[in-house]
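>
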Amino acid sequence: MRLLFFYSFRNLLTRRVTTALTASGMALVVFVFAAIIMLAEGLQKTLIETGSYNNIVVLRKSSSTEVQSIIERYQASIIETQPEVALDENGRRVFAKELVVLITLQKKGSSSSANVVIRGIGNASVDMRPQVKLSAGRLPLMGTSEIIVGNSVAKRFKNAGLGDSIFFAMRSWKVVGIFDAGDTGFSSEIWGDANQFMQAFRRNAYSSLIFRAQDDASLQKLQRRIENDPRLTFDAMIEVDYYKKQSEMMAKFLRILGISLTAIFSIGAVIGAMVTMYSAVANRTSEIGTLRALGFGRVNILMAFLLESIILGFLGGCTGLFFASVLQFISVSTTNFQTFSELAFRFRLSPGIILKAMAFALLMGFFCGILPAFRASRMNIVESLREV
Amino acid sequence: MMIKILIRNAFRHKLRSVLTIAGIAIAVLAYGLLHTVIDAWYAGVAASSANRLVTRNSISLVFRLPLSYREKIRSADGVKIVSYGNWFGGYYKDEKDFFANFAVEPVSYLKLYPEYKISENETTSFLKNRKGCLVGKKLADRFGWAVGDSITLVGTIYPGKWEFVLSAVYEGKHKNVDETMFFFHWDYFNETMKKVRPFSADNVGFYIIGIDRPENAAGIAEAIDAMFKNSLAETLTETEKAFQLGFVAMSEAILKAVQLVSFVIIVIILIVVANTMVMSVRERTAEYAIFKTIGFSGGYIATLIIGESMMITLIGGILGISATYPAAIAFSNAVGTYFPVFNITGKTIFMDAVVIIIVGLSAGILPAWRAMSVRISEGLRKIG
Numbered sequence: 000m001r002l003l004f005f006y007s008f009r010n011l012l013t014r015r016v017t018t019a020l021t022a023s024g025m026a027l028v029v030f031v032f033a034a035i036i037m038l039a040e041g042l043q044k045t046l047i048e049t050g051s052y053n054n055i056v057v058l059r060k061s062s063s064t065e066v067q068s069i070i071e072r073y074q075a076s077i078i079e080t081q082p083e084v085a086l087d088e089n090g091r092r093v094f095a096k097e098l099v100v101l102i103t104l105q106k107k108g109s110s111s112s113a114n115v116v117i118r119g120i121g122n123a124s125v126d127m128r129p130q131v132k133l134s135a136g137r138l139p140l141m142g143t144s145e146i147i148v149g150n151s152v153a154k155r156f157k158n159a160g161l162g163d164s165i166f167f168a169m170r171s172w173k174v175v176g177i178f179d180a181g182d183t184g185f186s187s188e189i190w191g192d193a194n195q196f197m198q199a200f201r202r203n204a205y206s207s208l209i210f211r212a213q214d215d216a217s218l219q220k221l222q223r224r225i226e227n228d229p230r231l232t233f234d235a236m237i238e239v240d241y242y243k244k245q246s247e248m249m250a251k252f253l254r255i256l257g258i259s260l261t262a263i264f265s266i267g268a269v270i271g272a273m274v275t276m277y278s279a280v281a282n283r284t285s286e287i288g289t290l291r292a293l294g295f296g297r298v299n300i301l302m303a304f305l306l307e308s309i310i311l312g313f314l315g316g317c318t319g320l321f322f323a324s325v326l327q328f329i330s331v332s333t334t335n336f337q338t339f340s341e342l343a344f345r346f347r348l349s350p351g352i353i354l355k356a357m358a359f360a361l362l363m364g365f366f367c368g369i370l371p372a373f374r375a376s377r378m379n380i381v382e383s384l385r386e387v
Numbered sequence: 000m001m002i003k004i005l006i007r008n009a010f011r012h013k014l015r016s017v018l019t020i021a022g023i024a025i026a027v028l029a030y031g032l033l034h035t036v037i038d039a040w041y042a043g044v045a046a047s048s049a050n051r052l053v054t055r056n057s058i059s060l061v062f063r064l065p066l067s068y069r070e071k072i073r074s075a076d077g078v079k080i081v082s083y084g085n086w087f088g089g090y091y092k093d094e095k096d097f098f099a100n101f102a103v104e105p106v107s108y109l110k111l112y113p114e115y116k117i118s119e120n121e122t123t124s125f126l127k128n129r130k131g132c133l134v135g136k137k138l139a140d141r142f143g144w145a146v147g148d149s150i151t152l153v154g155t156i157y158p159g160k161w162e163f164v165l166s167a168v169y170e171g172k173h174k175n176v177d178e179t180m181f182f183f184h185w186d187y188f189n190e191t192m193k194k195v196r197p198f199s200a201d202n203v204g205f206y207i208i209g210i211d212r213p214e215n216a217a218g219i220a221e222a223i224d225a226m227f228k229n230s231l232a233e234t235l236t237e238t239e240k241a242f243q244l245g246f247v248a249m250s251e252a253i254l255k256a257v258q259l260v261s262f263v264i265i266v267i268i269l270i271v272v273a274n275t276m277v278m279s280v281r282e283r284t285a286e287y288a289i290f291k292t293i294g295f296s297g298g299y300i301a302t303l304i305i306g307e308s309m310m311i312t313l314i315g316g317i318l319g320i321s322a323t324y325p326a327a328i329a330f331s332n333a334v335g336t337y338f339p340v341f342n343i344t345g346k347t348i349f350m351d352a353v354v355i356i357i358v359g360l361s362a363g364i365l366p367a368w369r370a371m372s373v374r375i376s377e378g379l380r381k382i383g
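Same order as they appear, the protein sequences are chains A and B. Okay, so the first sequence: first residue is 0 according to numbering that gives the first Met the number 0, each after it adds one. Okay, so the second sequence: first residue is 0 according to numbering that gives the first Met the number 0, each after it adds one.
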């Protein structure tokens with residue numbers, strides 16, 4: 000077995016150009032495969048990490064995003080006084096009435112613009128999101144035209160740096176802080192006092208209510224009570240589930256695109272590698288005859304050629320994954336059509352993706368080698384020895 | 000004579016040539032499909048008319064404009080006709096069955112969009128019935144709707160179950176028209192809003208404006224925006240094309256990725272063909288040396304090699320292009336929800352041809368150069 004391995008390996012080494020060309024074809028396929036899955040993974044992770052398992056979101060029934068939802072002030076007060084809302088150490092409710100709208104902002108360094116989420120927050124909003132950390136400046140004072148912006152917004156949009164002023168809704172809003180929410184959707188948002196935004200946007204209703212749940216059973220109890228209350232046509236859900244739903248459409252689109260692309264690509268790459276393997280077999284006819292004459296069995300020959308093509312696949316997989324892993328440092332921003340707002344996220348490489356991509360590469364190697372290897376193993380000893 | 004040699008040479012290794020051709024065909028197919036995907040992204044832009052402007056709230060699309068702006072806009076110089084509507088955002092049965100649905104003022108809207116082909120009977124029955132709706136042919140086919148059916152949409156922005164009667168089906172007069180849209184009477188929408196949410200009644204999501212001459216578009220847009228400067232709802236007016244381009248720009252990152260991937264495909268084809276040619280030429284080194292001994296020039300040999308690589312890529316390319324058409328139909332059936340307009344354009348086929356020729360030439364160059372520069376004595380010595 001060891002001998003066979005070295006035989007295969009040496010063979011690849013002697014035909015360097017062809018080996019490199021074939022392996023790089025496979026590497027490209029693995030790269031594209033990994034890249035698109037990483038993109039979908041990054042999008043989903045970003046949105047899931049945005050939510051927290053302890054928080055419950057209340058939205059108007061049948062609205063799938065916060066932007067579509069409308070909650071009147073009196074309805075918000077009813078929810079606020081429910082027993083499921085947890086209290087903090089000072090006995091205050093961990094509860095926030097939030098307003099979410101979209102505004103169009105100009106991007107830096109280009110004339111294009113994008114929709115950005117503006118979130119009107121309450122006092123408890125920041126405490127309920129432990130991911131959100133202030134990286135510069137301070138929190139906005141309630142009752143003033145002060146805002147804080149997520150780091151992706153500060154990086155990508157005009158006039159969104161610390162100390163700058165952004166003009167929207169007929170008012171100038173001062174950026175007093177920049178927050179870092181890691182790889183979550185909040186990094187692509189702008190936050191300020193909800194009541195100020197309601198006045199400015201002339202929208203006398205909230206979008207969503209967020210609170211920390213008392214315990215695990217809170218959600219079911221609350222859902223039942225909302226169901227029975229004719230004043231409330233609301234849906235309550237765990238924050239994580241809410242954000243998970245928002246990524247479904249885009250992630251599905253990316254996965255369909257990725258899988259159909261790589262399916263087509265891999266056929267191309269397998270064919271390319273098959274050409275190489277067939278010619279490897281044809282060139283070595285007399286060698287195969289010699290090996291057989293020396294006493295190596297048909298299975299050994301089959302294994303040797305199969306091994307050679309699987310090594311090719313492995314080389315391609317490693318190279319492809321290496322380049323794909325570099326992508327992790329790139330951040331992408333695109334509009335999530337489900338929420339209609341801009342979202343920044345990264346390519347994410349997870350062990351699952353590495354495993355999948357590698358399995359895919361080895362499988363390609365196997366498929367391109369199996370037919371040529373069969374041909375090699377079925378050769379007649381005498382005839383193949385006669386070949387020059 | 001030359002062609003005969005080319006064909007004979009190309010098919011000396013039948014299996015290898017067939018495999019290479021299949022590889023090229025698949026890659027050309029993928030390239031063509033991706034190009035069509037990119038075209039589909041721009042379909043809205045391609046379908047827009049230079050005679051139409053779109054006015055919306057300058058804060059963003061989620062904010063609305065008062066209905067009273069209609070008369071003011073109509074008074075601007077160069078404005079011929081004004082229509083208006085709202086993005087409704089409803090879904091049929093399942094939230095995942097997405098399609099575009101709008102409440103529009105029907106009389107002026109149909110005048111602004113002459114590219115919708117509707118029979119006269121259906122037009123009158125749509126205009127007469129306040130609960131009537133107008134549906135694109137592809138959408139009607141997708142859900143199996145026929146004229147006269149009653150349809151219920153569930154509103155996401157405007158809650159509740161909304162009942163409609165399908166009174167007309169439109170087809171596009173040219174291929175770029177999106178046939179998956181759903182229109183209904185703005186009055187029906189507004190009357191319902193007055194009942195359930197009076198404060199948001201009499202508000203319009205967007206105005207569509209027909210102008211007399213496209214050259215005046217910029218001036219008219221500026222004049223309209225100036226009218227509402229410093230009001231509670233400032234406007235942003237742009238040509239329909241710019242408006243649609245705004246949507247394309249939103250998904251720029253994905254679009255760039257698709258473009259990048261289509262270049263990767265070209266590289267993959269190049270690798271496959273180049274690999275085949277390198278192998279063929281290496282095997283035939285002795286032959287080429289004999290050619291040279293007899294007196295054929297290096298240029299002749301290079302033509303033979305490049306011609307062979309062109310031959311292989313051309314056959315593969317033609318197969319790939321002809322497979323693109325059925326594949327595009329299958330693809331658009333699978334993801335029709337994302338791409339309402341999915342047509343292969345002449346430009347795509349042209350790009351396919353350019354790629355094929357470039358790949359065929361460049362894959363042959365390196366082996367041809369090698370065969371030309373090899374010394375006769377060395378070449379003759381080479382076996383296998």
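Think of the CB as a built atom: it goes at the ideal place given N, C-alpha and C, for glycine as much as any other residue. From a predicted model like this one, the values you see are computed outputs, not experimental measurements.
1) Under 8 Å by Cβ, that's how I've got Leu-269 of chain B and Val-358 of chain B pegged, so tell me the actual separation to the nearest angstrom.
2) Tell me His-184 of chain B's beta-bridge partners as DSSP assigns them.
3) Which first and last residues belong to the alpha helix (DSSP H) in which Val-354 of chain B is found?
4) Determine, using beta carbons only, whether Leu-165 of chain B comes closer than 8 Å to chain A.
5) Would you call the stretch 33-43 of chain B in contact with the stretch 296-314 of chain B, where contact means no fewer than 3 C-beta pairs closer than 8 Å?
6) Is it buried or exposed for Arg-51 of chain B, if we count other Cβ within 10 angstroms and need 16 for buried?
7) Counting only the same chain and skipping the five closest in sequence on each side, list residues whose C-beta sits under 7 Å from that of Thr-183 of chain A.
8) Can you tell me whether Met-1 of chain B is buried or exposed, with buried defined as 16 or more other CB within 10 angstroms of its CB?
9) Leu-217 of chain A: which of A:Leu-38, A:Val-56, A:Arg-15 sits nearest, CA to CA?
10) In three-state terms, what does DSSP make of Arg-59 of chain A?
11) Is the Cβ of Ser-250 of chain B closer than 8 Å to any Cβ of chain A?
12) Comparing alpha-carbon positions, which option in B:Ile-117, B:Gly-204, B:Ser-82 lies nearest Glu-233 of chain B?
13) Please report how far the alpha carbon of Ala-168 of chain A lies from the alpha carbon of Ile-58 of chain B, in whole angstroms.
14) What is the DSSP secondary structure of Val-53 of chain B, counted as helix, strand or coil?
15) Short of 6 Å in beta carbon distance, which residues of its chain neighbour Ser-82 of chain B, apart from the five on each side in sequence? Order them along the chain.
16) For Ser-16 of chain B, which residues from the same chain have a beta carbon less than 8 Å from its beta carbon, with the 5 sequence-adjacent residues on both sides left out?
17) Of the residues A:Lys-106, A:Ile-353, A:Gly-41, which one's Cα is nearest the Cα of Arg-347 of chain A?
18) Would you tell me roughly how many angstroms separate the C-alpha atoms of Leu-12 of chain A and Ala-358 of chain A, rounded to the nearest one?
19) Listed in chain order, which residues of the stretch 72-102 of chain A have Cβ atoms closer than 7 Å to some Cβ of chain B?
20) Using a Cβ cut-off of 7 Å, pull out every chain A residue sitting near Gly-22 of chain B, in sequence order please.
21) I'd like to know if Tyr-277 of chain A contacts chain B, where contact means its C-beta is closer than 8 Å to some C-beta of that chain.
22) When DSSP labels each residue in this structure, what does Ala-145 of chain B get in the three-state scheme?
23) If we cut at 8 Å on Cβ distances, does Asn-100 of chain B have a partner in chain A?
24) The alpha helix (DSSP H) spanning Gly-108 of chain A covers which residue range?
25) Which of helix, strand or coil does DSSP assign to Ser-250 of chain B?
26) Over what stretch of residues does the beta strand (DSSP E) that includes Lys-173 of chain A continue unbroken?
27) Nearest CA to the CA of Ile-253 of chain B: which residue from A:Asn-54, A:Tyr-241, A:Leu-38?
28) Beta-carbon separation of Ile-364 of chain B and Ile-305 of chain B under 8 Å?
29) Taking Cβ to Cβ, would you say Met-273 of chain A is nearer than 8 Å to Leu-370 of chain A?
30) Measure the alpha-carbon distance for Phe-183 of chain B versus Trp-86 of chain B and round it to whole angstroms.
31) Going by DSSP, what residues sit across from Tyr-205 of chain A in a beta bridge?
32) How many angstroms separate the CA atom of Glu-282 of chain B from the CA atom of Phe-97 of chain B?
33) Looking at C-alpha atoms only, which residue of A:Ser-7, A:Asn-379, A:Gln-327, A:Asn-335 is the closest neighbour of Val-247 of chain B?
34) Among the residues of its own chain, which have a CB less than 8 Å from the CB of Pro-113 of chain B, if the five just before and after it don't count?
35) So what does DSSP say about Gly-119 of chain A, is it helix, strand or coil?
36) Who are the neighbours of Asn-114 of chain A on chain B, taking C-beta pairs under 9 Å?
Taking the geometry as given:
1) In this structure, Leu-269 of chain B and Val-358 of chain B form a Cβ contact; the two beta carbons are roughly 5 Å apart against a cut-off of 8 Å.
2) B:Val-103
3) Val-354 of chain B -> alpha helix (DSSP H) spans 345-372.
4) no
5) Not touching, per the Cβ criterion.
6) buried
7) Thr-45, Glu-48, Thr-49, Gln-130
8) exposed
9) The sequence given here places Ser at residue 217 of chain A; Leu does not occur at that position. The option with the nearest alpha carbon to Ser-217 of chain A is A:Val-56.
10) strand
11) Taking 8 Å as the threshold, the shortest C-beta distance from Ser-250 of chain B to chain A falls below it.
12) B:Gly-204
13) 7 Å
14) strand
15) Glu-104, Ser-107, Tyr-108, Leu-111, Ile-207
16) Ala-9, Phe-10, Thr-275, Ile-311
17) When each option's Cα is compared against that of Arg-347 of chain A, the closest is A:Gly-41.
18) 23 Å
19) Val-100, Leu-101, Ile-102
20) Correct list: Gly-267, Ile-270, Gly-271.
21) yes
22) coil
23) no
24) Premise fails: Gly-108 of chain A is in no alpha helix (DSSP H) and is neither H nor E.
25) Secondary structure at Ser-250 of chain B: coil, using DSSP grouped into helix, strand and coil.
26) Note, Lys-173 of chain A: beta strand (DSSP E), 170-179.
27) A:Leu-38
28) yes
29) Note that the C-beta distance between Met-273 of chain A and Leu-370 of chain A is below 8 Å.
30) 11 Å
31) A:Ile-70
32) 57 Å
33) Comparing Cα-Cα distances from Val-247 of chain B to each of A:Ser-7, A:Asn-379, A:Gln-327, A:Asn-335, the minimum goes to A:Asn-335.
34) Lys-172
35) Gly-119 of chain A falls in the strand class under three-state DSSP.
36) Ser-59, Leu-60, Val-61, Met-249
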